[in-house]
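Taking it in order: structure first as structure tokens, then the write-up.
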Amino acid sequence: MTAPRQLRLIIETDDFDQAVRFYRDVLGMPEQPAFATEGDDRVSILHAGIATIELATRTHIRAIDAVENAPSTEGPTLRIALEVPDTAEAVAVAEGAGAELLAPPTETPFRTINARVQGPSGWQVTFFQELETLEERTARPGFTTDDDRAR
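Printed below as a string of structure tokens:
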């Protein structure tokens, strides 16, 4: 199989207007045309830049919760992480639109500034601001791929 060209995350929501307002209007994700029929058949496809999938064990999730000073929850958590140019500004905008702050901007050991808010429909949103390039990070101890990591 050839590599996928796009990752699309589908969020089912009971409050469509609130979700669109938050992701499109507050977080600034431009909307692209999408097909729906009529009435309550509604969909909005929003561009979120480059997509990656982060696979993590529960132990890693708890470690990130601790680094971000964010609350841990029982069971799987639905969370979106968005790279932004200024984490503090992103948090201020999200809070101004009514999002609940879960973890304030915090510099992490992996050289990002992370913060977390509660988004609509049960999804948490982590904002992260990179403080170094991927090349700089790759040269530091502890940064490797899972295949090369000691077990």
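For the record, in the sequence shown the residue sitting at position 92 is 140 according to the numbering used here, with numbers rising by one throughout. C-beta: ideal position from N, C-alpha, C; glycine also. If you're wondering where the values come from, they're calculated on a predicted model, not measured in any experiment.
At the level of alpha carbons, what is the spacing between residue i and residue j?
i    : j    : result
N117 : L94  : 29 Å
V132 : F175 : 6 Å
G146 : D196 : 43 Å
Y71  : E60  : 13 Å
Name the DSSP bridge partner or partners of residue i?
i    : result
V115 : Paired residues: none, contrary to the question.
T174 : A129 and R164
P154 : Checking the sequence shown, residue 154 turns out to be Thr, not Pro. N162, per the DSSP bridge assignment.
E184 : None; E184 has no bridge partner.
Just mark residue i as buried or exposed, buried being the case when its beta carbon has 16 or more other beta carbons within 10 Å.
i    : result
T160 : buried
V68  : buried
V74  : buried
Does DSSP classify residue i as helix, strand or coil?
i    : result
Q66  : helix
L94  : strand
L57  : coil
E79  : strand
E148 : strand
Is it true that the CB of residue j sits closer than 8 Å to the CB of residue i?
i    : j    : result
L150 : Q177 : no
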